Amino acid sequence: MVGTPPVTTLSVTDSSKIAISKSKSQSKPKERRSSHNIIEKRYRMSINDKIIELKDLVMGTEAKLNKSAVLKKAIETIHSLRDQRMRLSKENAILSSALTNQGIDTKELLSGCLSDPLTPSSSDGSSFSPETLLPESPPYSSGGEGEDDTLPTLPTFTTHTIYTPSTGMVDGARITLFVFMFGILIFNPFSAIFDSQDSSFTAGLTAGSSMRSSRTLQGYTDSISDYFGIWNWLIPSALLWVMNILVVSFVLTKVLVYGEPVTTSGSKESAKYWRHLNQSESDLENGYYTSASVQLKEALHTLGRPFPTTRLELFTSLSWQMMRQVLHRTYIARIFSRTLAKYDKDRVQSSHDAAVVYYRLLQLSLTGKMESTCWQQLNLAACSLNLSEAATSIMSREMLAQVYATSAVTVLFTLTDHFQYIARFLLSRCRKQCLRHERGDIPPQLKWLCEPDGHRYLVDLTWYDEIWSTEQGFSTNRHPYDPLSTLMQCYRQLALARGGSL
33 MVGTPPVTTL SVTDSSKIAI SKSKSQSKPK ERRSSHNIIE KRYRMSINDK
83 IIELKDLVMG TEAKLNKSAV LKKAIETIHS LRDQRMRLSK ENAILSSALT
133 NQGIDTKELL SGCLSDPLTP SSSDGSSFSP ETLLPESPPY SSGGEGEDDT
183 LPTLPTFTTH TIYTPSTGMV DGARITLFVF MFGILIFNPF SAIFDSQDSS
233 FTAGLTAGSS MRSSRTLQGY TDSISDYFGI WNWLIPSALL WVMNILVVSF
283 VLTKVLVYGE PVTTSGSKES AKYWRHLNQS ESDLENGYYT SASVQLKEAL
333 HTLGRPFPTT RLELFTSLSW QMMRQVLHRT YIARIFSRTL AKYDKDRVQS
383 SHDAAVVYYR LLQLSLTGKM ESTCWQQLNL AACSLNLSEA ATSIMSREML
433 AQVYATSAVT VLFTLTDHFQ YIARFLLSRC RKQCLRHERG DIPPQLKWLC
483 EPDGHRYLVD LTWYDEIWST EQGFSTNRHP YDPLSTLMQC YRQLALARGG
533 SL
């Protein structure tokens with residue numbers, strides 16, 4: 033009992049030691065936490081390095097994408113490679129069975145091929161192109177006329193490498209030039225220069241008139257001052273208008289003519305574009321829609337028009353396309369397009385090729401075969417519409433009518449009823465192109481839109497989401513990626529149902 037109080041006093045009075053012991057115990061987790069942070073930082077840096085390496089493999093070293101976009105692009109590439117592998121395996125089995133039926137040993141054939149020098153495959157120049165979309169085969173496409181049509185066409189196994197696109201302005205630079213042009217027209221800085229010259233000229237004229245007033249008649253002086261006053265007002269105004277017209281012409285020429293990327297016919301980029309486009313058409317016919325979308329985006333990248341991936345790129349692209357559509361409607365851009373078609377065929381052909389790719393991507397996005405938002409669909413519709421109108425000199429009227437009709441469907445599908453007048457205007461342009469068709473008759477896939485019942489059916493339609501996913505019972509759609517074909521099938525189903533109920 034006597035020894036217990038000192039123990040309690042030591043535990044109470046010796047509080048500083050307890051605090052020291054607590055501080056020592058708290059320092060250990062800090063060391064563990066710092067080591068954990070170092071390990072976490074090391075793993076994070078390793079993951080970032082792998083993502084950068086993946087981006088370099090998929091998109092190239094010069095591409096600028098965030099981590100989610102890189103992973104999404106890598107997943108699309110993996111799906112595309114898997115589809116190509118499955119397709120090649122099936123075609124390999126078909127070719128092997130065909131060779132076996134003809135009594136040819138595959139091993140001997142392969143040994144003979146390995147002994148010969150390697151030659152490029154003839155499938156790289158295959159011209160698989162529908163009549164309504166693709167023009168005549170380019171001069172670099174080599175297709176043997178005597179080849180056996182019973183064997184399937186071997187697809188090209190493309191590697192995802194970065195291409196050097198032709199020079200062209202980005203959409204942000206175009207918008208900046210337009211803001212600069214409108215700023216000059218609104219604030220009119222040249223007027224201040226001419227006003228200062230006008231005031232100095234008037235002051236000199238007044239001084240000279242006052243010096244000569246003692247020796248001249250008053251009426252003669254008034255006539256001279258009126259004469260110089262008219263010219264003093266007319267010359268600065270004319271010069272001001274000339275300066276404004278020169279600025280507007282320079283900006284429009286820079287943006288609409290020299291700002292567009294150009295692919296020279298017969299060049300390496302043109303060959304890569306046709307290879308990607310032919311492969312995408314083959315994938316669409318076989319039902320490989322993910323691979324087709326990847327091939328189409330690669331074709332756009334080859335033409336110098338990369339597909340917008342970020343929100344800023346999408347916003348600038350859509351804003352510029354809206355401004356360009358206004359220029360088309362006011363016939364300003366059409367004048368430049370018609371003048372350009374006479375002197376530069378490659379620029380017009382580049383616009384036509386890009387319009388075909390944008391139109392295919394729009395079809396895939398509307399039918400749900402490619403993941404996209406409503407703003408991306410509007411951007412694709414605007415791009416295909418503007419580029420098609422810029423290439424009217426070489427584009428078929430049937431193709432142009434399909435672009436107008438699909439753009440109208442996009443407006444009805446993505447925007448509210450307040451913008452229905454835009455869809456009606458586009459449908460009227462579609463009917464106008466159908467009536468001007470080369471063969472004099474309306475194409476079958478667009479004939480129902482030129483009828484009053486078909487037009488009313490499309491405008492009053494509100495259940496677009498159910499159309500793309502609904503399986504029709506009476507017939508089979510040959511082109512499930514085409515929204516016009518799907519809508520025509522639904523319209524015919526409705527007509528059959530109404531006829532059966534009567």
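For the sequence shown, position 157 matches number 189 in my numbering, and the numbering has no gaps at all.
Here a beta-carbon is modelled for each residue, glycine too, at the ideal position from N, C-alpha and C.
Since we're looking at a predicted model, the values are computed, not measured.
Original post:
Shortest alpha-carbon distance to Thr348 belongs to which of Phe210, Thr322, Asn124?
Top reply: Closest in alpha carbon position to Thr348, among Phe210, Thr322, Asn124, is Phe210.
Original post:
Looking only at its own chain, which residues have a Cβ that is under 8 Å from the Cβ of Asn220, when we skip the five neighbours before and after it?
Top reply: Excluding positions up to five away in sequence, the list reads Leu272, Asn276.
**OP:** Tell whether a beta-carbon distance below 9 Å holds between Thr371 and Gln409.
**Re:** At least 9 Å separates the beta-carbon of Thr371 from that of Gln409.
Original post:
Within this structure, are the beta carbons of Met427 and His360 separated by less than 9 Å?
Top reply: With contacts defined as CB atoms closer than 9 Å, Met427 and His360 fail to qualify as a contacting pair.
Original post:
Under 8 Å from any heavy atom of the ligand SAM, does the C-beta of Met520 make it?
Top reply: No copy of the ligand SAM appears in this structure; indeed no ligand is present at all.
Original post:
Among Ser404, Gly319, Ala433, Met402, which has the Cα closest to the Cα of Leu417?
Top reply: Ala433
Subject >> Three-state secondary structure assigned by DSSP to Asn133 >> reply: It is helical.
Original post:
Is it true that the CB of Ser112 sits closer than 9 Å to the CB of Tyr390?
Top reply: At a Cβ-Cβ threshold of 9 Å, Tyr390 and Ser112 do not count as neighbours.
Subject >> Limits of the unbroken alpha helix (DSSP H) element including Arg461 >> reply: Element bounds for Arg461: 452-467.
**OP:** With DSSP collapsed to three states, give me the class of Asp156.
**Re:** At Asp156, the pLDDT of 38 sits below 50, so the modelled position is not reliable and the matter cannot be decided from this model.
**OP:** Kindly indicate the opening and closing residues of the alpha helix (DSSP H) around Ala433.
**Re:** From DSSP, the alpha helix (DSSP H) with Ala433 extends over 429-446.
Subject >> Spatial distance of Phe222 from Met213 (CA atoms) >> reply: Phe222 and Met213 have their C-alpha atoms spaced approximately 13 Å apart.
**OP:** For Asp115, count neighbouring C-beta atoms within 10 Å of its own C-beta (all shown protein chains included) and say buried if the count is 16 or more, exposed if not.
**Re:** buried
Original post:
Where do the ends of the alpha helix (DSSP H) carrying Leu97 lie?
Top reply: Neither: Leu97 is in no alpha helix (DSSP H) and is coded neither H nor E.
Subject >> First and last residue of the uninterrupted alpha helix (DSSP H) at Trp407 >> reply: 406-422 is the span of the alpha helix (DSSP H), which, as asked, contains Trp407.
Original post:
Asn411 and Gln452 look like a contact to me (Cβ under 8 Å); what is the Cβ gap, rounded to whole Å?
Top reply: Not quite, the Cβ-Cβ distance comes to about 20 Å (not below 8 Å), so this is no contact.
**OP:** Taking Ser382 as part of the alpha helix (DSSP H), name the residues at either end of that continuous run.
**Re:** 377-398
Subject >> Beta-carbon separation (whole angstroms), Tyr337 vs Ala413, contact threshold 8 Å >> reply: This sequence places Arg at residue 337; Tyr is not what is there. With a Cβ gap of about 15 Å, Arg337 and Ala413 do not count as contacting.
Original post:
Are Leu335 and Ser312 close, meaning C-beta to C-beta below 9 Å?
Top reply: no
Original post:
Does the distance from the CB of Val102 to the CB of Leu86 come in under 9 Å?
Top reply: yes
Original post:
Leu519 by DSSP, collapsed to three states: which one?
Top reply: Looking at Leu519 - three-state DSSP - the assignment turns out to be helix.
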